Amino acid sequence: MLTLQSYLTLSAIIFSIGITGIVINRKNIIIVMMCTELLLISVNFNFIAFSHFLQDLSGQVFVFFILTVAAAEAAIGLAILVALYRNKKSISVGELNKLRN
Amino acid sequence: MTFHIIGSILPEVTIAIAICVVILVNSLIRSVSAAFIHSMILFFLSVALFLSFVSLEIPNSNIFNGHYVIDSFGTNLKIIALIASILVHLASLKSKNNIKNEIFLIQLFATLGVLILCSAHNLLTVYLGLETLTLSMYGMVASNRNSIEATESAMKFFILGAIASAIFLYGLSIVYGVTGTLSLELIKESNLLDGLEMRIAVAFIACGVIFKFGAFPFHSWVPDSYQGSNTTAAIYISSVPKIGAFALISRLFLDSLNVMSEFWSILILSAGLLSIIIGNLIALMQINLRRMLAYSAIGHIGFVLLSFSIVNDGGISASMTYLLMYILMTISAFALIESISSEDHQHIELSDLKGLNNSHPLIAFMLLFCMFSMVGIPPFIGFYAKWIVLSELVNNGMLWFAIVGIIMSVIAAYYYLRVVWFMYFEKTDQPIENKGMMNTHSITSIFVSVMLLLIGLYPNPIIDYTRIIISSFLLID
Amino acid sequence: MILDLMIWAPIISGLIILMIGKNYGSLSYSLSIFSSSLVFVISLYALSMYDSSQTGIQFELITSWIERFDINYHLGVDGISFPLILLTTFITPIVLLTSRTSEKSNLHQYLASFLILEGLMIGVFSALDAFLFYVFWEAMLIPMFIIIGIWGGKNRVYATIKFFLYTFLGSVFMLIAIIYLYIQTGSYSIFDFYNIDLSRTEQILIFLAFLFAFAVKIPMWPVHTWLPDAHVEAPTGGSVILAAILLKMGGYGLLRFSLPITPNASSELSMVMVVLSLIAIIYIGMVALSQTDMKKLIAYSSVAHMGFVTLGTFVVFLDHEIASLEIMNLAISGAMIQMISHGLISGALFLCIGVMYDRVHSREIDDYGGVALMMPRFAGLMVFFALANAALPGTSGFVGEVLVILASLKVNFWIALLSGTTLVIGAAYTLWMIKRVIFGDVTNEKINDIQDVSAIELIPLMILAIMVLAMGVYPEPLMNLMYVSINDLSKLVFLGAGI
Amino acid sequence: MMLEYSLIALLSPLFGGIMAAFLGKSFGKNFVNFVTIIGVSISFVLSCIIALEILESSAVINQNIYTWLNIGDQSFHIGLLIDNLTASMMVVVTFVSLMVHVYTIGYMYDDPGYHRFFSYISLFTFSMLSLVMSNNFLQLFFGWEAVGVMSYLLIGFWYTKESAIKANLKAFIVNRVGDLSLILGIGIIFSITGSLDYYAVFSNSQEIAQTELLLTSTLTVSALTAACILLFGGAMGKSAQMPLHVWLPDSMEGPTPISALIHAATMVTAGVFLLARMSPLFELSTTALSFVLIIGATTALFTGILGLIQNDIKRVVAYSTLSQLGYMVAAAGVSAYSASLFHLMTHAFFKALLFLAAGSVIVALHHEQDIRKMGGLKNKLPITYVTSLIGSLALIGFPGFSGFFSKDALIEAIGHADIIGSGFAYASVLIGVFITALYTFRLFFTVFHGALDEHHHDVKESPLSITLPLVLLAIPSVIIAWPTVGPMVFGSYFTTAISQPDAYQIFGYEFTSAYGFLIHAFSSPVIYIALFGVATAYILYIQKPSILHDETYKSSFIYRLLDNKYYFDDLYENVFAKQARNIGDLLWKVGDIKTIDNFIVNGTAYRIGNIANRIKGIQTGYIYHYALMMILGLAIFLAWTILDLGGAS
Amino acid sequence: MLLEVIFYAFASVLICASLGVILFKNPVYSAVSLILAFITTGLLWLLLEAEFLAIVLVLVYVGAVMVLFLFVIMMLNIHAEEERSGFTNIAPIAIFLGLVVAAELIALYWIQSDQFSGLESISNSALSVDNTLLLGTELFTKYILSFEIAGFILLLAIIVSISLTLRARKNVKKQVARDQISADPKQRLRMVDIKRGLD
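Protein chains in written order, with our numbering: chain U, 1 to 101; chain R, 1 to 477; chain E, 1 to 499; chain W, 1 to 649; chain B, 1 to 199.
Here's what the structure looks like:
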């Protein structure tokens, strides 16, 4: 039986994977950025699930905008990444520590 | 009707027009001078400010199907945001450090985002306003694109911002799920509040809001982005977005989720208290001036949140008073630092200030004002800010928080004093070069600093102003 | 109005000097002397207007300031604050007069700091609104911080930051207490605070909060350690102001706030206060004995002498059966006179040390010896002030101490005995210093070619000497100025404490 | 008129002193001499007039000059009380002072601090007069301390001399101990009577006597006894009674004129004056009187013994002064104030004489003070010799000399007393008579007789300004007692000022006249003891000096004890003074610096810094740490949501 | 039942793909995992009758955003960094925290929830009838303001991206049309008198 809770649980799992992913790897930033996309998937999942179970369209509208903004965000993020790479010749998470106390 | 709607959002429209005009002018006219762009931006900002004053007359109304609300609270916040933007703009007019004009364009976007946040009355609008602001802040921080520090801090800011925004959205999704609506109005009227699900939602949303304020434990982007970006960006992100965040927290928590205030106030309170402690403690150890100011900003924001968590008109207006005074102080501090920094000396270390009293007595004197104001010594405004927050805390039986706050501000005094110490007590062989000329920029910074004193001598207007705004906000809704 | 003038005239002239003075050193010097003397003249005029037989506040001025919190710009003086204002206006020109003798960088900033400080100090003494009081009280830290920090000695940064943080930490608790009182009364007026009913716990907590602020300022043992550092490192003028006036604010605060607002707590905690005062008198006196730095010695002696102020303030509460209005008047009069007198004497001693420092550039006692041979006129004055510091009858130093001793004798013999030991210890450390510095044979070559005091150094010292002598020989005019207010205060406190 | 006279008498030395101090350097020595001597002369003449006036009319002036301080009902005045006691003190003080002024012209002739010295002694005269003329305790204390200060300044007059400035510091501090006691005594009186005027206090003396002073919650003493003992504590300091006597011998570091003026004739007798002045109080407390008696008698005996082995000419005289002060105090202890005062007066003359004579010898020998280097000066210094002899005879109480009458009277009084300690006191003073004679003539013989030291062949008699005072002082030393002993000791001269039992009834019942007293004295042992002392001195120092050169004598315990002055100096310097500094040092270094400053103040700062240093570690610069922090925050918020659930719903 | 099978199957794939994103060492594999995750998500959304968004997700995300990601990965030649990769020292804490958050959320949804439980999937819902039309109508009427704001956000993204990445390379020859058009023959061509040589 597909209840709302199933969807929410799935979304929660994805969310957790996303945030864990951000923290655990010291590979390159791009993977971290992908993890944020995972987070957004889980949020979208929530919205769409609610929208479906509430029979209300505004959730889907919201998702639409989230997708838009996420695309814009990805563009900006990648632009920053490129700029960073040009300066630093590296996008390793582990080397990103010039600024600290 | 249409005209009425457009009339209500004239400030936003003005900024939007400004954006378009600046883009067009920039790309079409080949050799446009920077001064022209600056004046244009200033002109549009002033027009927007004027229009906001005009729209104070407009009766409260919900427009765009209730996605947008025009009320005195929002309009007043807009006025404040616009004034702050103008000040920031004036303060960063030195512009040698900002060869490109894009940053001012991006600042216009950010201002637009803040204005949207001030009036947004729907979760979607709130989100979009927030993202407008956030994305432009990424752009601002990164705008010094040839610097490792700038791009690195922008990268970090971006990642953390993305996480925060996802967390925030997660919260919004649950709110939507529980109440079945995106409208803040309807959420407020919903009788489903204060269930467990809503609490989860509030916890998530609080994370996003606290991130926006830059309070502990969502503060990490603050020092890096202050340090990494150029001063123009730093002035901006240290001031105007806080107004947006204040609007956000007021609209979401104070207004719509007022029923749950008992719950969220604890979250805000703990974040505020920890910010005061952690921010000030870490600031003690900084030798980079910007980074120090960043941590001090975390401490100040702690006071804003602490006071906000009182959740009554006194506390909230104290919080707002603190915020306004903090913005004034931070603009002043950054502007003064900017006015003595040169192209080849962007990153001001504390030791760079040595002998400032001899080379730039006036700037040093104003920075002295500013630092003592931040410490919270009368008669500067920083004192009234602290005092009014403490008054409200004591008044609401939160004596111990007041004591913690005040002890931390004594500890904080040390690092502010260190600035004075380097400026006044240390001598150096290589003083900062005195260009001698008084430009618009130094005049602005001095103007703001003198304000610190003058408002300090007569703080009535700000105190009354915030009180009126907040009371009307809490009464009407 | 006249108080307004006294507060703002020096501040404004200080700001003017700050703005224009960089290239006009001597002009700003003259201007500063002129404006501070003017303030002194105004204060003398005020003295002539002051009716010492009238109870209550005079020269009162109320203007609304922050309406929302019912904060007023409320000024006024009574017999307790007025003498301290006179002391301030009297000492400041003297300090400014001597400020030029030693070469200073940024002289205009130095002068401006003192002028601003003067205005703020007068503000502290004349504010009748607790909020206003706090504003002046804290604002005063800024110029003092600058003075010690810029023109101080080798270790000035440590000293000035210590001074600032110590006093700041002390006063923030006072702020909390003031806020609390405001919440209880709905007003920031000090006189409204007097009429408030507080529970025992509240009183004690408020008392302690105020005490912390004032104790640091006075300073009382064990929160006194900023003082020796600050004094040692401060420039001469800074030390003088610090010793002569800043310390008095603590004592003034106790009389203005602690006693009338929290009479029960004052009475209940009087034993603690008395013990702390006695520790200050004896312990600090002993500590002063072993100092090798003149300024430090005088600094410690200040702590010991201020011990009499706190002793006088609280001794009467020790024994409720004996306590009477008479004893209280006696003790508080003693405390007040001690404050004024200590202001003159320690100020003068710091000036003396400054005079020597300008010549020899050392404050170490061991570097001196035989100063009397080279500077006979100076030596005479210094010995005189030292004797005054040792509470010689006929000098002002004696009056306050003897009144406090007499009052404590009425309460308890042993307290009087212990406090009286200052007669011996005080004489020992002061005169021992004199013996090694002024008397003896010249051991340091530098002493051999020093000049006696110039007129500009001599005049302030002479004026101070005359004042010290006059107050010692005929203190009645001063007492007459204060008596009515002290009596009112005593009555108020007795009523409050239910004695 | 009397009041004006007294005021002028009081203020003219002040005026002279101030003029000398401020203008002396520019106007020269003659000016200094002129103003100060005129000042003191006026004072002396007026004192005599006043004394005569009072003698005639026995009027008493008690007049407040001005209100010093007024705190509600509690007033403190400055005022004058002129009665017999005051008048006689004034005469003595101004006379000796005048003599010393004159003497100083010669003695200090080539001293660079000439005007300063004159200014000091004039100011001292003023201080002393204000002490004796006071009509209240407070002013008494003023004068009391003022004379102390002048003594301080004068002992340290040669301030480059290390021993002098050490001595003056010691004198001041030891005196301060006494003054502390005095002010406490005054305080007790004030706390009970609420007034400090003599008459007001004396009229309430019964009230004081009935009040109990709480020392602890259970232990009480009579306030009167406590007050009297404390007042006497002040007298002990000023009059150098054991154990506060240590400063007086050291004070001989000062110039000789002031040894004569301050440390023999006037200031040190202030304690005796005080006892006499306070007699209405002391009479009510036998405990206090016994205390006074025992202290006095002890001082009289033991300090006299110390005089035996001193080799410094001035110190011998100084110890003699101590001893004589002991006599006076002891006499006051048996309520024989008049005898005590009488001895004070005669002693002032002959002891000043002896000091000035010693000074004359010192000047003649070019500031040589060691008696072992003297001898055979009889012929070289004839005037000094004769006057010294007169002084010595007066001191030992040789019949007919003034000292005889006074000393005999007070020994008689002590002998008749029956309070606690009187037996001891009587024995002490009798032995003291022998000792006095012994050391006095030891000095006399050693200096003036024996072989002339080869270094001193060129000595000449001192100039007139030195010898004139010697002669002028020698006269009263011989004859002053003859007309005065009757009225002063046995008569009613002091009855208005002093409250004492009728001397005539106690021990003077056989008194008829001065002559009769002289005759009567031969029937008592005192004279014989004194003569025996002189004879012993003659044998030991003229006939067989070899006895004293015995080594066993030098190494004996007693000799060492005496040589070290009963170890009082050691006790004070090494135990009290040194320990006070050690404790001070300890408190400073351990209490202030280590505990409060380093541990609490800087320690707190340090710990905060430490914490901050650790906390700043959270800002590593690594993005995953930042993210972790955010997630942690989120997790805690969520956890709170769960935990708070119980409370909310 | 079928729906459930589909759901759990795709849900498992989604979870695996998500784990793949964070666990693969090579960023290209991660990106491909992410693409897989997006496609699976799209399919799951179809179950929830959000057809338009499902398509948009696949088109926009897989077609544009992920291509952008891959493009950047390729452009920056990132896999050269592989030897540095690995887990952070705080990975255990992070995993623990991730589990805690997941557990907290799931626990809240399942154990305590009263608002979300019992809701079953609705078939034939009104939303699915003409999903795209409905969404479009909403978007251009009710949400017109949001739509405009989104436009500005995209504009912002354009400006920021360009300003951060656009740079004029020095050694690259490029055509500047404006300069070409504005070329003035008079300035380009200079007539010079050349003297005959060999004189």
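Every residue, glycine too, gets a C-beta built ideally from N, C-alpha and C. Note that this is a predicted model, so its numbers are computed, not measured.
Amino acids of chain R, ordered along the chain, whose beta-carbon sits closer than 7 Å to that of residue i
i                    : result
residue 14 (chain U) : Ordered by position in chain R, no residue passes the 7 Å Cβ test against residue 14 (chain U), which lies about 11 Å from the chain.
residue 57 (chain U) : Correct list: empty, because the minimum Cβ distance to chain R is about 11 Å.
Closer than 7 Å at the beta carbon, the chain U residues around residue i
i                     : result
residue 628 (chain W) : 23
Alpha-carbon spacing of residue i relative to residue j, whole angstroms
i                     : j                     : result
residue 2 (chain W)   : residue 109 (chain W) : 37 Å
residue 132 (chain W) : residue 472 (chain E) : 20 Å
residue 11 (chain W)  : residue 146 (chain W) : 14 Å
residue 401 (chain W) : residue 395 (chain W) : 9 Å
residue 215 (chain W) : residue 270 (chain W) : 29 Å
residue 426 (chain W) : residue 331 (chain W) : 10 Å
residue 267 (chain R) : residue 291 (chain E) : 54 Å
residue 367 (chain E) : residue 428 (chain E) : 20 Å
residue 25 (chain R)  : residue 43 (chain R)  : 15 Å
residue 198 (chain E) : residue 426 (chain E) : 40 Å
8 Å Cβ shell around residue i - same chain, five flanking residues per side excluded
i                     : result
residue 16 (chain U)  : none
residue 58 (chain B)  : 38, 39, 42
residue 612 (chain W) : none
Short CB-CB distance (under 7 Å) between residue i and chain W
i                    : result
residue 40 (chain U) : no
Proximal residues to residue i (C-beta, below 6 Å), its chain only, five neighbours per side dropped
i                     : result
residue 421 (chain W) : 290, 293, 294
Residue i Cβ short of 6 Å to the ligand ADP heavy atom set
i                    : result
residue 69 (chain W) : The ligand ADP is not part of this structure, which contains no ligands at all.
Min CB distance residue i to chain E below 7 Å
i                    : result
residue 59 (chain R) : no
residue 98 (chain R) : Bear in mind that the predicted position of residue 98 (chain R) carries a pLDDT of just 46, short of 50, making it too unreliable to give a figure here.
Cβ-Cβ distance between residue i and residue j below 7 Å
i                     : j                     : result
residue 404 (chain R) : residue 180 (chain E) : no
residue 374 (chain E) : residue 450 (chain E) : yes
Min CB distance residue i to chain R below 7 Å
i                     : result
residue 170 (chain B) : no
residue 23 (chain B)  : no
residue 163 (chain B) : yes
Residue-chain proximity (residue i, chain B), Cβ-Cβ < 7 Å
i                     : result
residue 125 (chain R) : yes
Interface flag, residue i vs chain U, CB-CB below 7 Å
i                     : result
residue 622 (chain W) : yes
Proximal residues to residue i (C-beta, below 7 Å), its chain only, five neighbours per side dropped
i                     : result
residue 271 (chain E) : 318
residue 122 (chain W) : 13, 16, 17, 20, 36, 39, 40
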